[in-house]
Amino acid sequence: RRLQDLERDEETLSEKECVREKLNLIHGFLQADVQNQLSELEAKLRREELSEERYLAKVKALLRQELAAANGSAPPPSLPELPASNGCA
Numbered sequence: 098r099r100l101q102d103l104e105r106d107e108e109t110l111s112e113k114e115c116v117r118e119k120l121n122l123i124h125g126f127l128q129a130d131v132q133n134q135l136s137e138l139e140a141k142l143r144r145e146e147l148s149e150e151r152y153l154a155k156v157k158a159l160l161r162q163e164l165a166a167a168n169g170s171a172p173p174p175s176l177p178e179l180p181a182s183n184g185c186a
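Residues in the sequence shown are numbered consecutively from 98, following our numbering.
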């Protein structure tokens, strides 16, 4: 239900806010290694080793990969970069 509300509100949220909200909703369901990778990405963002745009792209790619694995399908060989202006994909 919250995810549906979030998808409806995505036009009013920034891309960063949208990704954060989705992460908050699904974090407990992610595999431990994915949670660790997300923590590492957040640490790199805080240390300014990653730009916010690059962080968001990596998080989205990781989540798409995890979702594909959970659905029993292999992720695409190369995940395209998402433009920063596309909102919450």
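Built from N, CA and C at the ideal position, the CB exists for glycine as well.
The structure displayed is predicted, hence computed values, not measured ones.
Beta-carbon proximity of residue i to residue j, cut-off 7 Å
i    : j    : result
L147 : K141 : yes
Presumed contact (8 Å Cβ cut-off) between residue i and residue j, rounded CB distance
i    : j    : result
L127 : E150 : Not a contact, Cβ separation roughly 22 Å.
Rounded separation between residue i and residue j - CA only
i    : j    : result
V116 : V156 : 8 Å
R144 : A129 : 23 Å
Q132 : I123 : 10 Å
A166 : L159 : 11 Å
N74  : N168 : For residue 74 there is no data in the structure shown, the boundaries of the chain being 98 and 186.
Y152 : K113 : 9 Å
L110 : R161 : 20 Å
G125 : E118 : 13 Å
Buried or exposed (CB count within 10 angstroms, at least 16 for buried), residue i
i    : result
E137 : exposed
A154 : buried
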